[in-house]
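Participant: Residue numbers (our numbering), protein chains in the order written: chain L, 5 to 336; chain W, 21 to 441.
Here it is, the structure in full.
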């Protein structure tokens, strides 16, 4: 139940959600590398080990595949593990457990079991982590039936969605953009839930729809303010949920604005924006399109270490403004 | 790298043009902005300026040749740059061929459609434009597209006839100040609205009432295809009658000046005095580039660049006015109305209206007020009127005397009102 609202950082909101879940349900426990005494690579779990003990805030060896297997097995026995990958890049070591086991066991056993595991994934570039610590691989997981994939952009959403994910009977992947951890926003006290299948309309507009998620939702909103000063009125949809996609919200918005720009940090080709574009092209919104659909995605390259190149490899506010301007003015 | 000299789209409706002649010879040096060649469209002949500096090479367009918009006519190359016209043409064609299939796609590049040098082939139209054309029974092929490479977009499809007719009706107006006696009726110019009168109205004494009107297709007024001065004047007269005004002092700016000149001769209104501020209809010349650029502008930068021509002080109008104009364009269909009005009143960059016969018949007090440095309508057009019409020429003022010299202009209006009563 939502009570008083305070300003919390995104990381504090996650920690609060974890604490609430740990306190409310003894089946819930945390796993991950250095999440205990060290407090997590991004200091998200913080002091939770002091409050709930090492049995429930469990440091794992540096073996993602083995540890994720323990998490999936624990979930199969009825526990509710919340597993933190230090970087989402490292989840690739555990693909077998996530994609072949967690996502498929309920189906293969005819509904006899559930796999209520949550995988938390610090993701994205912007901190100089270079090619192996900066990827945005949401699309890899969003491609897998049996998984739910979310990427909240606000402290409010990440707390509510994480609590929903922990309560969910199926595996949920929660992507957390690293640049968001220190952003602040209003967060109610206590337990509340945000749905795992609904996009958020962050800004209403008439001239074009920008669909984005995670850090890109914030950049899209910033771009929309600049565009407003030029007389371009952008609608911004924060997807929040990447699997399943909120088809209705996207289609309704495009029917209203007649133009669509998708923005995502992952590699442009075969990324989330491609799926959203295809979804709209197949929908009843097709006959409302008054311009080509544009995708603004990451470079077709590993994320560079150089800070200047790292920025150039991913959509920035000014890139969004430029693309939206061309769309709105009929020059795309 | 050699830069292509392209046949530009100089007109919304234009798909091709006749190449008239080169103004610069093969191999000669050109500066950016220098007139480079002449073309003839259905509507006008015009010079096209160089978009780069360097040497003009590989002239391919011949006088008399009809070419599509986007055709490559020549190249401008650096002083010491090697140049082979055949290789250059081949490179351009290869780029056009390869561009749509080029992979991998560069980062952040939302440019989906590479320019092609031809406008032939099936009609290019957005899904929305296709649906609207279908619903409204319009042939797509008959429409001119304003999008890239002539793509037809929703705003290129004319509104349904019923919508045009149902929008006919009386004009939007606002009492800027109310008072006893016959009011001053203010009529704005092309592309403006009644809000432009507020500064001047503030300079009038409280004893003078002022009613400002949005012309058809402007501000909050509907557009019922009033494409002659008489039709505009008739709609304004009907609006005044509805407002219960039988006698008025008329003030008009630019196109509004021509409208009130026509209105001064209307039967059902007693005109007491007439003030024409930078009026249209006194001569043929008008700044065609301004009209064209004003209608084409879609951003603060482009529209602001044109609107700065209105006044001598480039900041006199302010960014807010530019943004307001853009916002109105986005919210209403007024750009379509403006385009039709411009085509009717100022075709081919000329003023197709003449108010001199009406002014010659005037017997009421009248003034023509112009800015000597008007860059839209030359101020000398105001010369040669009847000796009973006072001509006030303001030095250091442009096309907007009622804004740029609002104090003195306010006093002139006050004089007229006194004389006319």
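Glycine is no exception: its CB is placed at the ideal position from the N, C-alpha and C atoms.
Only a predicted model underlies this, so the values are computations on that prediction, with no experimental measurement involved.
Output needed in chain order: residues of the region 144 to 168 of chain W with a Cβ under 7 angstroms from some Cβ in chain L.
Facilitator: For the region 144 to 168 of chain W, which is checked against every Cβ of chain L, the residues closer than 7 angstroms are 146, 147, 148, 149, 151, 166, 167 and 168.
Participant: From the beta carbon of residue 346/W, is the nearest beta carbon of chain L less than 8 angstroms away?
Facilitator: Mapped onto the second chain, residue 346/W falls at position 326. Yes, contact with chain L.
Participant: Does the beta-carbon of residue 195/W have 16 or more other beta-carbons within 10 angstroms, so that it is buried, or is it exposed?
Facilitator: Within the second chain, numbered from 1, the residue matching residue 195/W stands at position 175. Result: exposed.
Participant: Please give the ranges of any beta strand (DSSP E) in the region 164 to 237 of chain W, keeping only runs that are unbroken, at least 3 residues long and fully inside the region.
Facilitator: Entirely contained in the region 164 to 237 of chain W, the beta strand (DSSP E) runs reaching 3 residues are, in chain order, 193 to 197, 204 to 207 and 230 to 233.
Participant: Is there a Cβ of chain L sitting closer than 8 angstroms to that of residue 34/W, yes or no?
Facilitator: In the second chain, counting from the first residue as 1, residue 34/W sits at position 14. For residue 34/W, the answer is no, since every Cβ of chain L falls outside 8 angstroms of its Cβ.
Participant: Rounded to whole angstroms, what's the CA-CA distance from residue 131/W to residue 335/L? Just pull it up for me.
Facilitator: For the purposes of this step, residue 131/W is taken as residue 111 along the second chain, with counting starting at 1. For the purposes of this step, residue 335/L is taken as residue 331 along the first chain, with counting starting at 1. Low confidence applies here, because residue 131/W scores a pLDDT of 43, under 50, leaving its location unreliable and the question unanswered by this model.
Participant: Among residues of its own chain, excluding the 5 on either side of residue 260/W, which ones have a beta-carbon nearer than 7 angstroms to its beta-carbon?
Facilitator: In the second chain, counting from the first residue as 1, residue 260/W sits at position 240. Only 205, 268 and 289 meet the Cβ criterion.
Participant: Please compile the residues from chain W whose C-beta is within a distance smaller than 9 angstroms of the C-beta of residue 207/L.
Facilitator: The residue given as residue 207/L occupies position 203 in the first chain. Those within 9 angstroms of residue 207/L in chain W number zero; the least Cβ separation is about 16 angstroms.
Participant: Using 8 angstroms as the threshold, is the C-beta distance between residue 163/L and residue 121/L below it?
Facilitator: Locating residue 163/L in the first chain gives position 159, counting from the first residue. Locating residue 121/L in the first chain gives position 117, counting from the first residue. No. Outside cutoff.
Participant: Apart from the five residues just before and just after residue 145/L, which ones in its own chain have a Cβ nearer than 7 angstroms to its Cβ?
Facilitator: For the purposes of this step, residue 145/L is taken as the residue at position 141 of the first chain. Only 151, 153 and 177 meet the Cβ criterion.
Participant: Span of the beta strand (DSSP E) holding residue 351/W?
Facilitator: Residue mapping note: residue 351/W aligns to position 331 of the second chain, counting from 1. No beta strand (DSSP E) holds residue 351/W; the alpha helix (DSSP H) holding it covers 338 to 351.
Participant: Write down every uninterrupted run of the alpha helix (DSSP H) in the region 223 to 273 of chain L whose length is 4 residues or greater and which is fully enclosed by it, in chain order.
Facilitator: Fully enclosed alpha helix (DSSP H) runs of 4 or longer: 251 to 261.
Participant: Compile a chain-ordered list of the residues in the region 314 to 332 of chain W whose CB is closer than 8 angstroms to at least one CB of chain L.
Facilitator: Against chain L - using a Cβ distance shorter than 8 angstroms - the residues of the region 314 to 332 of chain W are 318, 319 and 320.
Participant: Using beta carbons (cut-off 8 angstroms, strictly below), is residue 293/L in contact with chain W?
Facilitator: Indexing the first chain from 1 puts residue 293/L at position 289. Closer than 8 angstroms to some Cβ of chain W, the Cβ of residue 293/L qualifies, so yes.
Participant: Determine the chain W residues that contact residue 211/L at a beta-carbon separation under 8 angstroms, and present them in chain order.
Facilitator: For this step, residue 211/L is matched to residue 207 along the first chain. Those within 8 angstroms of residue 211/L in chain W are 350.
Participant: May I ask you to list the residues that DSSP assigns as paired with residue 409/W?
Facilitator: Taking the second chain and counting its residues from 1, one reaches residue 409/W at position 389. Note: residue 409/W sits in a beta bridge opposite 386/W.
Participant: In the DSSP output, which residue or residues are listed as bridge partners for residue 84/L?
Facilitator: Here residue 84/L is taken as the residue at index 80 of the first chain, counted from 1. 32/L, per the DSSP bridge assignment.
Participant: Using a C-beta cutoff of 8 angstroms, does residue 262/L count as contacting chain W?
Facilitator: Along the first chain, one-based indexing puts residue 262/L at 258. So yes, residue 262/L belongs to the interface.
Participant: Taking CB distances under 8 angstroms as the criterion, tell me whether residue 212/W reaches chain L.
Facilitator: Counting from one through the second chain, the residue named residue 212/W turns up at place 192. Judged by the 8 angstroms Cβ criterion, residue 212/W is not in contact with chain L.
Participant: Out of curiosity, what's the CA-to-CA distance linking residue 241/L and residue 250/L?
Facilitator: Within the first chain, the letter at position 237 stands for residue 241/L. Within the first chain, the letter at position 246 stands for residue 250/L. Rounded to whole angstroms, residue 241/L to residue 250/L spans 10 angstroms at the Cα level.
Participant: If you measure between the beta carbons of residue 167/L and residue 201/L, is that distance less than 8 angstroms?
Facilitator: In the first chain, residue 167/L corresponds to position 163, counting from 1. In the first chain, residue 201/L corresponds to position 197, counting from 1. No, the pair does not count as a contact, with Cβ atoms beyond the cut-off.
Participant: Out of 34/W, 44/W and 35/W, state which residue places its alpha-carbon closest to the alpha-carbon of residue 25/W.
Facilitator: Taking the second chain and counting its residues from 1, one reaches residue 25/W at position 5. Closest option to residue 25/W, Cα to Cα, is 44/W.
Participant: For my contact list, residue 306/W and residue 437/W are in at a C-beta cut-off of 8 angstroms; report their separation, rounded to the angstrom.
Facilitator: Numbered from its first residue, the second chain carries residue 306/W at position 286. Numbered from its first residue, the second chain carries residue 437/W at position 417. About 30 angstroms; that fails the 8 angstroms criterion.
Participant: Is DSSP giving residue 143/W helix, strand or coil here?
Facilitator: Counted from its first residue, the second chain places residue 143/W at position 123. Residue 143/W: coil per DSSP, three-state reduction.
Participant: CA-CA distance, residue 310/L and residue 134/L?
Facilitator: Position 306 of the first chain, counted from the first residue, corresponds to residue 310/L. Position 130 of the first chain, counted from the first residue, corresponds to residue 134/L. Rounded to whole angstroms, residue 310/L to residue 134/L spans 8 angstroms at the Cα level.
Participant: Can you check the region 63 to 111 of chain L for any alpha helix (DSSP H) of at least 4 residues that lies completely inside it and give the ranges in chain order?
Facilitator: List check, alpha helix (DSSP H) in window: 68 to 80.
Participant: Nearest-angstrom Cα distance between residue 326/L and residue 320/L?
Facilitator: Numbered from 1 along the first chain, position 322 holds the residue referred to as residue 326/L. Numbered from 1 along the first chain, position 316 holds the residue referred to as residue 320/L. Approximately 10 angstroms, taken between the alpha carbons.
Participant: Can you round the beta-carbon distance between residue 401/W and residue 313/W to whole angstroms, since I take them to be within the 8 angstroms contact cut?
Facilitator: Numbered from its first residue, the second chain carries residue 401/W at position 381. Numbered from its first residue, the second chain carries residue 313/W at position 293. The pair is not a contact, with the Cβ atoms about 21 angstroms apart (cut-off 8 angstroms).
Participant: For the beta strand (DSSP E) containing residue 358/W, list its first residue and its last residue.
Facilitator: Counted from its first residue, the second chain places residue 358/W at position 338. Run containing residue 358/W: none in the beta strand (DSSP E); it sits in the alpha helix (DSSP H), 354 to 365.
Participant: For residue 136/W and residue 92/W, I'd like the C-alpha separation in whole angstroms.
Facilitator: Counted from its first residue, the second chain places residue 136/W at position 116. Counted from its first residue, the second chain places residue 92/W at position 72. Confidence at residue 136/W is low in this model, with a pLDDT of 41, below 50, so the placement of that residue is unreliable and no value is reported for it.
Participant: Under 9 angstroms Cβ-Cβ, which residues of chain W neighbour residue 286/L?
Facilitator: Working through the first chain from its first residue, we reach residue 286/L at position 282. Within chain W, no residue comes near residue 286/L; the closest Cβ sits about 12 angstroms away, beyond 9 angstroms.
Participant: Between the region 162 to 182 of chain W and the region 237 to 255 of chain W, do three or more beta carbon pairs fall short of 8 angstroms?
Facilitator: At 8 angstroms Cβ cutoff, the stretches do not touch.
Participant: Under a three-way DSSP split, which group does residue 267/W fall into?
Facilitator: Residue 267/W sits at position 247 when you count from the first residue of the second chain. In the structure shown, residue 267/W sits in a strand (DSSP, three-state: E or B).
Participant: Using a Cβ-Cβ cut-off of 8 angstroms (strictly less than) and excluding sequence neighbours within five positions of residue 326/W, which residues of its own chain qualify?
Facilitator: In the second chain, the residue the question calls residue 326/W occupies position 306. The answer, listed in chain order, is 310, 313, 314 and 317.
Participant: Since residue 37/L and residue 66/L are thought to touch, with beta carbons under 8 angstroms apart, how far apart are those beta carbons, to the nearest angstrom?
Facilitator: Reading the first chain from its first residue, position 33 is the one you call residue 37/L. Reading the first chain from its first residue, position 62 is the one you call residue 66/L. Indeed, because the Cβ distance is near 6 angstroms, the residues count as touching under 8 angstroms.
Participant: Give me the Cβ distance between residue 348/W and residue 356/W, rounded to the nearest whole Å; I'm assuming they're in contact under 8 angstroms.
Facilitator: Taking the second chain and counting its residues from 1, one reaches residue 348/W at position 328. Taking the second chain and counting its residues from 1, one reaches residue 356/W at position 336. Between residue 356/W and residue 348/W the Cβ distance is about 12 angstroms, and since that is not below 8 angstroms, they are no contact.
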